[in-house]
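Residue numbers (my numbering): 51 to 256. Glycine included, C-beta positions come from ideal geometry on N, C-alpha and C. What you are looking at is a predicted structure, and each value in this text was computed from that prediction instead of being measured.
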Amino acid sequence: MYAKYIKRILDFLLSLIAFIVLMPIMLIIYLLVRVKLGRPAIFKQERPGKDEKIFTLYKFRTMTDERDENGKLFPDEKRLTKFGKFLRSTSLDELPELVNIIKGDMAIVGPRPLLVEYLPLYNEEQKHRHDVRPGLTGLAQISGRNSITWEEKFKEDIEYIQKITLFKDVKIIIKTIGKVLKKEGISGNNTETMEKFKGNKEKINA
């Protein structure tokens with residue numbers, strides 16, 4: 051009942067209220083991004099949502115467009131500025147995703163929307179993460195965010211969608227706030243950002 055009907059209504063109402071209340075802060079961030087990182091201030095990227103339907107994700111830009119002499123973008127670590135790191139560590143870069151939730155592309159809680167290029171790499175179990183709308187936060191985010199392995203992330207995603215309840219969503223939201231305030235799990239084990247998913251043995255050997 052909650053997962054099928056009530057969750058979407060709550061997501062819409064809460065995200066709409068949050069968007070209105072946080073509008074002044076988002077406007078300030080938008081202007082700062084324009085000044086410090088240039089145009090466009092809003093980063094847009096296609097991501098797979100529920101039933102693998104592709105949608106456009108909105109975030110505040112956190113990287114520059116610095117390139118080498120051949121016109122190739124520098125690695126993420128070099129383009130991620132101090133200001134960009136601040137936006138990521140506080141999750142302020144993700145505030146524009148409230149628009150995605152209002153539109154129905156995303157939910158407040160659910161598996162995080164990943165790259166389209168990962169779709170062919172999932173095994174049969176991992177594909178089920180797309181049975182629900184992706185979330186602004188999720189069980190994997192409160193379990194380690196970018197500091198845990200891809201396998202651990204997917205395990206948390208599947209565990210979440212097996213039984214979605216209001217109590218579980220509220221618990222995840224509260225723990226997310228704590229994680230953000232403590233700035234835990236922001237970076238991967240070896241990089242400033244999470245390493246790319248390259249598939250798994252179960253999928254490769256299938």
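Contact under 7 Å by Cβ, residue i with residue j
| i | j | result |
| --- | --- | --- |
| I92 | P146 | yes |
| R67 | L142 | Note on identity: in this sequence residue 67 is Ile, with Arg being the wrong assignment. No; because the gap between Cβ atoms is not below 7 Å, this pair is not in contact. |
| G185 | G160 | yes |
| R111 | V85 | no |
| K122 | E144 | no |
| T226 | T187 | yes |
| R216 | Y55 | Inspection of the sequence shows that residue 216 is occupied by Leu rather than by Arg. No, they are not a contact pair. |
| T114 | R97 | no |
| W200 | F247 | yes |
| L171 | G249 | yes |
| D181 | I211 | yes |
Endpoints, the beta strand (DSSP E) within which residue i is located
| i | result |
| --- | --- |
| L107 | 104–110 |
| V18 | A question about residue 18 goes unanswered here, because the residues of the chain that appear run from 51 up to 256. |
| E96 | 92–98 |
| L186 | 185–187 |
| I208 | Not the beta strand (DSSP E): I208 falls in the alpha helix (DSSP H), residues 200–212. |
Assigned exposure category for residue i - 16 Cβ within 10 Å defines buried
| i | result |
| --- | --- |
| N240 | Bear in mind that the predicted position of N240 carries a pLDDT of just 45, short of 50, making it unreliable; the figure below should be weighed with that in mind. Looking at its Cβ environment, which holds fewer than 16 other Cβ atoms inside 10 Å, N240 is exposed. |
| Q176 | buried |
| F105 | buried |
| L28 | This structure cannot speak to residue 28, because the chain is shown only from 51 to 256. |
| M73 | exposed |
| K57 | buried |
| E206 | buried |
| K203 | buried |
| N120 | exposed |
| F107 | This sequence places Leu at residue 107; Phe is not what is there. It is buried - the Cβ of L107 has at least 16 other Cβ atoms within 10 Å. |
| L63 | exposed |
| D101 | exposed |
Distance between beta carbons of residue j and residue i, contact taken as under 8 Å
| i | j | result |
| --- | --- | --- |
| L77 | T131 | Contact doesn't hold; Cβ gap of about 20 Å is too wide. |
| R179 | G99 | With 8 Å as the limit, R179 and G99 do not qualify as a contact, their Cβ atoms being about 11 Å apart. |
| I152 | S65 | 5 Å |
Boundaries of the alpha helix (DSSP H) in which residue i is found, first to last residue
| i | result |
| --- | --- |
| V85 | 57–87 |
| L137 | 132–139 |
| V149 | 147–153 |
| G228 | 216–232 |
| E116 | Segment: none, E116 is in no alpha helix (DSSP H) and carries neither H nor E. |
| K128 | 126–129 |
Below 8 Å, can you find three or more Cβ-Cβ pairs linking the region 190–202 to the region 214–228?
-> Between the region 190–202 and the region 214–228, the count of Cβ pairs shorter than 8 Å is three or higher; the stretches touch.
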